[in-house]
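Note sheet for the following structure.
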Amino acid sequence: MYRACAVAFMGPGVRYDAVRLAICAERSRAATSKCLDLPGSSLRNGNKLWVWDCTGSKNQQWYFGNGNAFSLMNTSKCLDLPGNSYNDGTQIEIWDCNGLPQQKWTYDPNMKTIYLASSRYAGRDASKCLDLRNGNPQSPDGTVVQLWDCNGQPNQQWDVYQFGQSQSAAAIVM
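Position one of the sequence shown corresponds to residue 37 (this note's numbering), numbered consecutively onward.
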């Protein structure tokens, strides 16, 4: 079973229950009302993700399920860490879902982070998280979404919430 979500940012003090919502969205806490966005709505392998003002468009709607984050535009397309490179600053992309570790993402509703599941070892906290480049709390449209060491800062905090009235979509908001 999948949960449809979008990724976006919520301002401090705004809470959504990520666990009870079957359909959800994710927002970054670093950039008010910025959503994880698939540039140009292009599902081309290698299209690099960024944040953009939340619009409700399908290119900002995502499913979380089976440890993956899928595009609502095409559930055979997943968030991907190019080459499974754990280097800080590696920009996240969309790619054909293939079940490899670089496509296994998990949302932690307590820490508000989206982390690479393979960066969590033997019960320890995850070490690699989705991050907004330059840690800018007022990130402009087009700010790169990258991998970085988990640090709990606002540029790594995302909210998951139901996207509009839809029963099949959600947003990931920064």
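Idealized CB from N, CA, C, for every residue including glycine.
Taking all protein chains shown into account, decide if residue i is buried (16 or more other Cβ within 10 angstroms of its Cβ) or exposed.
i      : result
THR91  : exposed
ASP167 : buried
GLN193 : buried
SER77  : exposed
SER121 : exposed
ALA67  : Residue confidence is low: ALA67 scores 47 on pLDDT, short of 50, so the model does not pin down where it sits. Its coordinate-derived value is still stated next. So ALA67 ends up on the buried side.
ASN191 : buried
ILE208 : buried
ASN102 : exposed
For residue i, write down the residues that DSSP places opposite it in a beta bridge.
i      : result
THR142 : TYR151
ASP116 : GLU129
LEU72  : VAL87
Can you look up residue i in the DSSP assignment and give me helix, strand or coil?
i      : result
ASN134 : coil
GLN192 : helix
ASN170 : helix
SER77  : helix
ALA162 : coil
ASN123 : coil
Specify, as a first and last residue, the run of the beta strand (DSSP E) that residue i falls within.
i      : result
GLY101 : 98-101
LYS94  : From DSSP, LYS94 is part of no beta strand (DSSP E); its letter is neither H nor E.
ASP185 : 179-185
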